[in-house]
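Undergrad:
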Amino acid sequence: MIVTLKGWASRDAEAIERVEAVIREHELEVHEKRGTEYTVIAVIGVGDNVSACQIQLEAMDEVWKVQRISNPNKFVSRAYHTQNTAFPLNGHVLGGPEFIVMAGPCSIESEPQIMACAEVVADCGGHVLRGGAFKPRSSPYAFQGLGLDGLKLLRRAGDQFGLPVITEALAIEDLPLVEEWADIIQIGARNMQNFRLLEAVSRCKKPVMLKRGIASDVDEWLGSAEYIVRPGKTNVMLCERGIRTSDRTYTRNTLDIQAVPVLRELTHLPIIVDPSHAAGRRAYIPAMMRAAVAAGADGIIVEMHPDPPKAKSDGAQSLSFPEFRAAMTLLVPYLRLFAEERAVTLDPIVV
Ligand code: PEP
Ligand code: MN
Numbered sequence: 603m604i605v606t607l608k609g610w611a612s613r614d615a616e617a618i619e620r621v622e623a624v625i626r627e628h629e630l631e632v633h634e635k636r637g638t639e640y641t642v643i644a645v646i647g648v649g650d651n652v653s654a655c656q657i658q659l660e661a662m663d664e665v666w667k668v669q670r671i672s673n674p675n676k677f678v679s680r681a682y683h684t685q686n687t688a689f690p691l692n693g694h695v696l697g698g699p700e701f702i703v704m705a706g707p708c709s710i711e712s713e714p715q716i717m718a719c720a721e722v723v724a725d726c727g728g729h730v731l732r733g734g735a736f737k738p739r740s741s742p743y744a745f746q747g748l749g750l751d752g753l754k755l756l757r758r759a760g761d762q763f764g765l766p767v768i769t770e771a772l773a774i775e776d777l778p779l780v781e782e783w784a785d786i787i788q789i790g791a792r793n794m795q796n797f798r799l800l801e802a803v804s805r806c807k808k809p810v811m812l813k814r815g816i817a818s819d820v821d822e823w824l825g826s827a828e829y830i831v832r833p834g835k836t837n838v839m840l841c842e843r844g845i846r847t848s849d850r851t852y853t854r855n856t857l858d859i860q861a862v863p864v865l866r867e868l869t870h871l872p873i874i875v876d877p878s879h880a881a882g883r884r885a886y887i888p889a890m891m892r893a894a895v896a897a898g899a900d901g902i903i904v905e906m907h908p909d910p911p912k913a914k915s916d917g918a919q920s921l922s923f924p925e926f927r928a929a930m931t932l933l934v935p936y937l938r939l940f941a942e943e944r945a946v947t948l949d950p951i952v953v
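Take a look at the structure:
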């Protein structure tokens, strides 16, 4: 950690001593360097003391800025686990040599709807069926999902077409049901910083997909993932689903495709891209599906619907069946390149 003092404090021996006393109180080493204008203190040490010391230093009048050198996260970081994490999924491996396609409707609406989606997903070579039963809606008057009935329909459709299923748990109370009926637990963008929910999902055995918060930076996102990942709980993946930026004229959010290589460097967890909630318009989704493969993601999650204009949620960003089929066909040459690239990169550790 590097502490830079304010100009006045840099020339005041008593001010410097006050700062160094705080560092020593935390049993950390002080290495002081007095420059012509600023005094800089390198703080050496590891452990929880560093974070506690940082918080105290940032609140001191004498201090201009504090920079952490080491990442405060442990279990999610690349330093902790140098190889990519991967985990089995119904005969496939997520985070492994195969690009995983998850697709399905935003919300489970009826048995014919989810069955029709599952059939198309399986037929197009998709690996996982998605569908929301507990829906986070901006308005309390909007469709809230079918709850347990929806989970049962999703399970039936997945089983019928040999697809594992992913669905969102909106609250701690949903976790037992979601864990009973689904194969992957989704934590949605709005809940990325619901820390009690993150702690609770960390105790679940099933894999977890943590979506990025609507306005969260990568460090906040990894901090949230750190609540879930621990020794014995590494079947966790991250999902980039678009963030709020200045331009929302043509798209709902902006797909932060750069987050894929950034995460690849910082963490060992698998990375999924959700072009649907990023673009918000179905016309832009096939191109962003291809961008996800090219950027090196481990998979995508895409919304589709038998009749998008009649969807009870997110119809504008849901691909129709012919659109989904066409998008999957366009993906094929990219998947070939993906397989070639994975063949020469490090073998993942399957947990
Ligand atoms: C969804 O997957 O339907 C959803 C609500 O996603 P997000 O949490 O990314 O908005
Ligand atoms: Mn949706």
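Going letter by letter, the sequence shown gives residues 603 to 953 in the numbering used here. Backbone N, C-alpha and C fix where the C-beta goes; we use that ideal spot for every residue, glycine too.
On a CA-only basis, which of P766, G760, G764 and L750 is nearest L777? Give me that one, please.
TA: Translated into the one-based positions of the sequence shown, residue 777 becomes position 175. Closest by alpha carbon: L750.
Undergrad: Compare the C-alpha of K808 against each of M794, T769 and E822 and name the closest.
TA: Here residue 808 is taken as the residue at index 206 of the sequence shown, counted from 1. Nearest C-alpha to K808: T769.
Undergrad: DSSP three-state call for A688: helix, strand or coil?
TA: As a working mapping, residue 688 is identified with position 86 in the sequence shown. Here A688 sits in strand by DSSP.
Undergrad: List the residues that DSSP assigns as beta-bridge partners of G706.
TA: Here residue 706 refers to the residue found at position 104 of the sequence shown. Partner(s): E905.
Undergrad: Please state whether the Cβ-Cβ distance between D876 and E822 is less than 8 Å.
TA: As a first step, residue 876 must be located in the sequence shown, where it is residue number 274. As a first step, residue 822 must be located in the sequence shown, where it is residue number 220. Taking 8 Å as the Cβ cut-off, D876 and E822 do not qualify as a contacting pair.
Undergrad: Going by CA-CA distance only, name the one from L932, E639 and M891 that's closest to D858.
TA: The residue you call residue 858 lines up with position 256 of the sequence shown. Looking at the Cα atoms, M891 is the closest of the given residues.
Undergrad: Is the CB-CB distance between P908 and G697 below 8 Å?
TA: Residue mapping note: residue 908 aligns to position 306 of the sequence shown, counting from 1. Residue mapping note: residue 697 aligns to position 95 of the sequence shown, counting from 1. Not in contact: P908 and G697 (Cβ atoms no closer than 8 Å).
Undergrad: Can you tell me whether DSSP reads L607 as helix, strand or coil?
TA: Reading the sequence shown from its first residue, position 5 is the one you call residue 607. Strand.
Undergrad: Taking just the CA atoms, how far does I830 sit from V803?
TA: Translated into the one-based positions of the sequence shown, residue 803 becomes position 201. Translated into the one-based positions of the sequence shown, residue 830 becomes position 228. The straight-line gap from Cα to Cα measures roughly 7 Å.
Undergrad: Would you give the residue range spanned by the alpha helix (DSSP H) that L840 belongs to?
TA: Within the sequence shown, numbered from 1, the residue matching residue 840 stands at position 238. L840 -> not in any alpha helix (DSSP H); beta strand (DSSP E) instead, spanning V838 to E842.
Undergrad: Considering only the beta carbon of each residue, do H729 and I702 sit closer than 8 Å?
TA: As a working note, residue 729 is residue 127 in the sequence shown. As a working note, residue 702 is residue 100 in the sequence shown. At the C-beta level, H729 and I702 come within 8 Å of one another.
Undergrad: Can you round the beta-carbon distance between Q656 and R670 to whole angstroms, since I take them to be within the 8 Å contact cut?
TA: Walking along the sequence shown from the start, residue 656 turns up at place 54. Walking along the sequence shown from the start, residue 670 turns up at place 68. Q656 to R670, Cβ: 7 Å. Contact.
Undergrad: Rounded to a whole number of angstroms, what is the C-alpha to C-alpha distance between S653 and I604?
TA: Along the sequence shown, one-based indexing puts residue 653 at 51. Along the sequence shown, one-based indexing puts residue 604 at 2. Their backbone Cα atoms lie some 13 Å apart in a straight line.
Undergrad: To the nearest whole angstrom, what separates the beta carbons of E781 and I774, a pair I think is in contact under 8 Å?
TA: Here residue 781 corresponds to residue number 179 of the sequence shown, with the count starting at 1. Here residue 774 corresponds to residue number 172 of the sequence shown, with the count starting at 1. The Cβ separation is near 12 Å, so there is no contact.
Undergrad: Any heavy atom of the ligand MN closer than 7 Å to the Cβ of E905?
TA: Counting from 1 along the sequence shown, the entry for residue 905 is found at position 303. Yes, the beta carbon of E905 sits closer than 7 Å to at least one heavy atom of the ligand MN.
Undergrad: For the ligand PEP, I want to know if P738 counts as a neighbour, meaning its beta carbon is within less than 7 Å of at least one of the ligand's heavy atoms.
TA: Translated into the one-based positions of the sequence shown, residue 738 becomes position 136. Result yes, Cβ under 7 Å from the ligand PEP.
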